[in-house]
Structure formats: C-alpha cells, structure tokens
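Adding 12 to a residue's 1-based position in the sequence shown gives its number in this note's numbering.
Everything below concerns the one structure shown next.
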Amino acid sequence: MNKDTINQLSWPENQLLPAIVQHAVSGKVLMQGYVNPAALEHTFQSGQVTFYSRSKQRLWTKGESSGNTLQLVSIASDCDSDSILVLALPQGPTCHVGTETCWHDNTANSPQLSFLYDLEQVIQSREGADPASSYTASLFAKGVKRIAQKVGEEGVESALAAMAGDREELANEAADLIFHLLVLLRSQKLELNDVVKVLQQRHK
13 MNKDTINQLS WPENQLLPAI VQHAVSGKVL MQGYVNPAAL EHTFQSGQVT
63 FYSRSKQRLW TKGESSGNTL QLVSIASDCD SDSILVLALP QGPTCHVGTE
113 TCWHDNTANS PQLSFLYDLE QVIQSREGAD PASSYTASLF AKGVKRIAQK
163 VGEEGVESAL AAMAGDREEL ANEAADLIFH LLVLLRSQKL ELNDVVKVLQ
213 QRHK
C-alpha cells in the first residue's frame with residue numbers, strides 16, 4: 013500500500029488499527045503499535061515508522077527520544093484491511109528495555125534463516141578486532157586474499173563431500189563455506205541481503 017490508499021483501510025470508530033513491525037531482513041517480529049491515518053501519512057512522508065500513542069494522545073515516531081528508529085521499507089494491509097504489517101530496518105534495539113524485539117522468547121521469534129542475519133552481525137563485530145581474540149578477526153587481519161582462499165577451499169571440500177555421497181560431511185562443509193563467504197562479503201562491504209536482491213532480480 014501507499015499514501016494514496018490509506019483511506020481504503022477499514023478504519024474503526026476510534027480510527028486506530030494495529031500495526032505489526034517485522035524486520036525486513038531477518039523476518040523477526042519487532043513490535044506492535046497502533047496507527048491512525050495521520051500516523052500512516054507521516055510514516056510514508058518521513059520514511060520513519062510513526063504510531064499513534066494512546067498514552068501520549070499524539071503521534072509518536074519510534075526513536076524520537078532514544079534514537080532507535082525504524083526505517084520504513086514497505087507497508088501491507090491484511091485481507092480484511094483492518095490491520096497492517098510494516099517491514100522496517102531498525103536502527104538499534106526496538107524494545108524500550110533494550111532488546112532487539114519486544115518478544116523476548118528468542119526461540120519463538122527466530123525464523124530459522126534469521127540466524128544467518130545474526131551471524132552476519134557477529135562477523136561484522138569481529139572486523140577490526142584484535143586478531144588474537146577470534147578466528148574471524150584473524151581472517152580479517154590476513155586480508156581478502158586469505159579469506160578468498162578459504163572460500164575456495166571450503167567450496168572444493170563441499171563438492172568432494174557431495175561426490176562421496178557423505179551428507180553429514182556435506183552439511184558440515186557447506187556450513188564452513190557459508191561462514192567464510194559471509195566473511196568475504198563483509199570484507200568487500202557487502203551483505204547477504206545484497207546477494208538476496210540479485211537472486212530476487214533474477215527470479216523476476
């Protein structure tokens with residue numbers, strides 16, 4: 013949906029609809045709030061997710077005081093047009109208690125593939141760290157040539173495991189390959205999401 017379709021939603025008498033915010037990359041559910049037409053219009057105009065605060069009785073842009081904003085990616089309404097799903101990119105923790113999401117049971121709120129996003133964040137935190145502190149930091153210190161070499165080695169080992177019909181070994185080697193590929197991407201200032209975008213474009 014867009015700014016021009018706000019009035020097409022099924023607004024109740026109090027003019028408030030529930031809005032679920034989901035991480036646009038990891039798929040994790042971040043928070044729920046309420047929006048009125050003015051909040052949605054402000055969200056589209058500013059690119060920052062804005063709610064209607066029932067306690068403050070006014071529009072409230074997420075992060076207006078904490079700085080932990082939600083950058084808008086897209087908004088969709090459900091089949092009855094009486095609730096909306098907001099895809100966003102968080103800048104900092106979303107929950108007011110300082111956690112990534114307002115659902116603190118990570119087991120219940122962790123789509124399996126979101127682990128790759130979490131791993132990517134760990135890899136990023138190792139860049140520039142003391143090489144003696146972790147294997148990942150030592151890879152960054154050795155430079156792109158060594159990282160690329162490891163990607164090649166793990167790719168060959170994955171292929172050999174497949175040729176041998178060893179499924180368990182293939183899973184292990186593929187895990188090593190994906191890890192080192194994420195390190196290589198980070199060394200070139202790329203993210204897994206950049207690769208996903210290319211795949212999506214090819215799929216069209």
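Built from N, CA and C at the ideal position, the CB exists for glycine as well.
Test item: CB-CB of residue i and residue j under 7 Å
i    : j    : result
F63  : G75  : no
S93  : S146 : no
E169 : E185 : yes
A100 : V33  : yes
S3   : M13  : Outside the modelled stretch of the chain, which goes from 13 to 216, sits residue 3, for which no answer is possible.
H192 : K162 : yes
M47  : L71  : One point to set straight first is that residue 47 is Val, not Met, in the sequence displayed. In this structure, L71 does not lie closer than 7 Å to V47 by Cβ.
A171 : L182 : no
I159 : L189 : no
T111 : M43  : no
With 16 other Cβ atoms within 10 Å as the buried cut-off, status of residue i
i    : result
L125 : exposed
M175 : exposed
S198 : With the sequence shown as reference, residue 198 is identified as Arg, and Ser is not the correct amino acid for it. With 16 or more other Cβ atoms within 10 Å, it is buried.
T55  : buried
R138 : buried
S38  : buried
A51  : buried
P102 : buried
T148 : buried
Beta-bridge pairing of residue i - partner residues as DSSP gives them
i   : result
G5  : In the structure as shown, the chain begins at 13 and stops at 216. Residue 5 is therefore absent and cannot be evaluated.
V61 : In DSSP, V61 forms no bridge with anything.
Test: residue i CB closer than 7 Å to a CB of chain C
i    : result
T106 : Absent from the structure: chain C. Only one protein chain is present.
Proximal residues to residue i (C-beta, below 8 Å), its chain only, five neighbours per side dropped
i    : result
L194 : L128, L131, E132, I135 and L204
Q217 : With the chain represented from 13 up to 216, any question about residue 217 goes unanswered, as that position is not in the structure.
Per-residue DSSP class, three states only, for residue i
i    : result
T81  : coil
R138 : helix
L125 : coil
Q2   : Not covered by the structure: residue 2. The range shown for the chain is 13 to 216.
A36  : coil
S150 : helix
V195 : helix
S22  : coil
A100 : strand
A176 : coil
L204 : helix
A88  : strand
T73  : strand
N14  : coil
V156 : helix
E112 : coil
Sequence-distant residues of the same chain with beta carbon closer than 6 Å to residue i, five excluded per side
i    : result
G104 : N80
Q27  : N48
S150 : P143
Residues near residue i in its chain [Cβ-Cβ closer than 7 Å; skip 5 each side]
i   : result
V41 : I32, Q34, T113, W115 and N121
V61 : V33, T55, K74, L82, L84, V98 and A100
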